[in-house]
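Here the sequence shown stands for residues 2 to 82, where the numbers follow the numbering used here. No residue lacks a Cβ here, since even glycine has one placed at the ideal position from N, Cα and C.
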Amino acid sequence: MLNDIAIAGDNKQIVIEFPTLQDALQLWKPWGGGQKRREITQLLHESLSSAGISLELRVQGKAVAHIGSGELSGLALALLG
2 MLNDIAIAGD
12 NKQIVIEFPT
22 LQDALQLWKP
32 WGGGQKRREI
42 TQLLHESLSS
52 AGISLELRVQ
62 GKAVAHIGSG
72 ELSGLALALL
82 G
């Protein structure tokens with residue numbers, strides 16, 4: 002999985018490109034339950050927002066999650082469990 006991920010940055014935006022949605026969802030694997038995954042995501046969103054940084058997760062060029070500056074959104078976030 003790690004060999005297939007591309008990471009790019011531009012100013013205060015980090016973009017991580019995954020080959021599949023399943024690969025992208027592996028970011029939340031260390032936190033077993035859906036509630037814990039949502040809590041971690043909210044904390045990460047707040048931390049990145051306070052620093053003015055955004056994180057975008059993409060699968061095959063399409064955004065599936067946006068965390069940090071702006072709105073917390075994306076298909077991947079709805080699938081956290």
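{"Item": "Using the three-state DSSP reduction, which class does LYS63 fall into: helix, strand or coil?", "Value": "strand"}
{"Item": "When the Cα atoms are used, what is the spatial distance from LEU22 to ALA79?", "Value": "12 angstroms"}
{"Item": "In three-state DSSP terms, what is SER50?", "Value": "helix"}
{"Item": "Could you check what DSSP says for GLU72 in three-state terms: helix, strand or coil?", "Value": "coil"}
{"Item": "List the DSSP bridge partners of ILE8.", "Value": "ILE17"}
{"Item": "Assuming GLN27 is part of the alpha helix (DSSP H), what are its boundary residues?", "Value": "Element bounds for GLN27: n/a, residue is neither H nor E."}
{"Item": "Could you name the residues that DSSP lists as bridge partners for LEU58?", "Value": "ILE17, ALA66"}
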